[in-house]
Every structure is written in C-alpha cells, then in structure tokens.
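*Asks:*
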Amino acid sequence: MCCKNFMKYFLGVDPGIHGAIAVLQENGRLIDVFDMPITKVKVGAGFKTRIVAARLQEILAPYTDSVGWVEKVSARPGQGVSSVFAFGEAYGLICGVLAGLCVPVNTVSPSVWKKSMKLDSDKEGSRRCAIETWPENQKLFARAKDDGRAEAALLALYGKSNT
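Just add 1000 to the spot in the sequence shown (first one is 1) and you have my numbering.
So this is what it looks like as structure tokens:
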C-alpha cells in the first residue's frame, strides 16, 4: 500500500533521453541531480537510445518520501512518428517507475511551470536561472547540454511552491 504522511523531497523530472532528475529538500536545497539513465538498444536494423527503467528505479528508490513533478510532454510540429512514440514511452516509463515506488506524480506543461518561474522556452535561460538559484551547484549546470538538469531542478522548485 502506498501511503505517505509527509514529503521530505521534491523531485523534478525533465523527461526524455536528454532529460534529468533533480532532488530538492523541503528547505529548497538542491541535493542531487541525475542525468536520465540511458542505453542503446537494437531496434530493427539499427540502434535507438532508451531509458533504463531498472537504473531509474535505483536512482529514485532512496527518495520515496517525495512528491514528483514531471514535465507533461506532447508532440510538436515536425516531429517524426517514431520520435514522438519514443518520447511518450519515456514519459510513461518515468511516471510508472515513480508510481511503482509510491511517489505521488504531478504533471505540468512546460508553458505553465516556466511562466510561473518567469522563464520562456529558451533552455539557456533555464540554465542561467538554475546557476543563479543554486550558485553552490553551478558546476551541475556548467555546460550548454546541462539544460535538462537545470529544467529538472527548476521544475522541482516549481513543485515545492505548488505542493
């Protein structure tokens, strides 16, 4: 039975293979950020990148006394059918792992949480905001490709403010 009396952590999840998971304490301290665990799997004649569910479960297992906030994904114009399916598969896997760990899952669209945080669709802006918010953790967001980490951390902060 899944029953939590209190939440010690807020999880922010930027889904997808280039996404990340951030763990925020009740006091707003960022205690961990994980890149999405991925691997290459054979699909047809080639290889595709997919999330490793078992590794995701290992990463999240210490944080069952949490509430999770997952960015709600949807198809975008110009995306291929295969990539939309893979993105949806990743989203469902993430929500399923959280549910299996009895972590309550909230979803929110990027436009809603980013507007609340005074951000726009510019991922570089999210990275800068994360560095300003957690200067002691700026190394986590140092590279341009760390935008998934930044967005996961900011999503956790949004969740903390909206739980």
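Just so you know, even glycine gets a beta-carbon here, dropped at the ideal spot from N, CA and C.
Which ranges does the beta strand (DSSP E) cover as unbroken runs of at least 3 residues, wholly within the segment 1061-1120, from first to last along the chain?
*Replies:* 1066-1071, 1105-1108
*Asks:* Does DSSP classify Ile-1031 as helix, strand or coil?
*Replies:* strand
*Asks:* Assign Phe-1010 to one of two classes, buried (16 or more other C-beta atoms within 10 Å of its C-beta) or exposed (fewer than that).
*Replies:* buried
*Asks:* Following the continuous alpha helix (DSSP H) through Gly-1046, name the residue where it begins and the one where it ends.
*Replies:* No alpha helix (DSSP H) contains Gly-1046, which is instead part of the beta strand (DSSP E) from 1046-1051.
*Asks:* So for Gly-1019, helix, strand or coil by DSSP?
*Replies:* coil
*Asks:* Return the residue from the list Ile-1051, Ala-1086, Ser-1083, Cys-1095 that minimises the CA-CA distance to Lys-1072.
*Replies:* Cys-1095
*Asks:* Is the number of C-beta pairs between the segment 1050-1069 and the segment 1027-1042 that are closer than 8 Å three or more?
*Replies:* yes
*Asks:* From Asp-1032 to Ser-1082, what distance separates their C-alpha atoms?
*Replies:* 32 Å
*Asks:* Over what stretch of residues does the beta strand (DSSP E) that includes Leu-1011 continue unbroken?
*Replies:* 1009-1014
*Asks:* Would you call the CB atoms of Tyr-1091 and Pro-1015 closer than 8 Å?
*Replies:* It is a contact, given that the beta carbons lie within the stated cut-off.
*Asks:* With a CB to CB cut of under 6 Å and the five nearest residues on each side skipped, what residues in its chain are close to Gly-1068?
*Replies:* Excluding sequence neighbours, Gly-1068 sits near Leu-1011, Leu-1098, Val-1103, Val-1105.
*Asks:* Under three-state DSSP, which class holds Phe-1163?
*Replies:* Checking the sequence shown, residue 1163 turns out to be Thr, not Phe. Three-state result, Thr-1163: coil.
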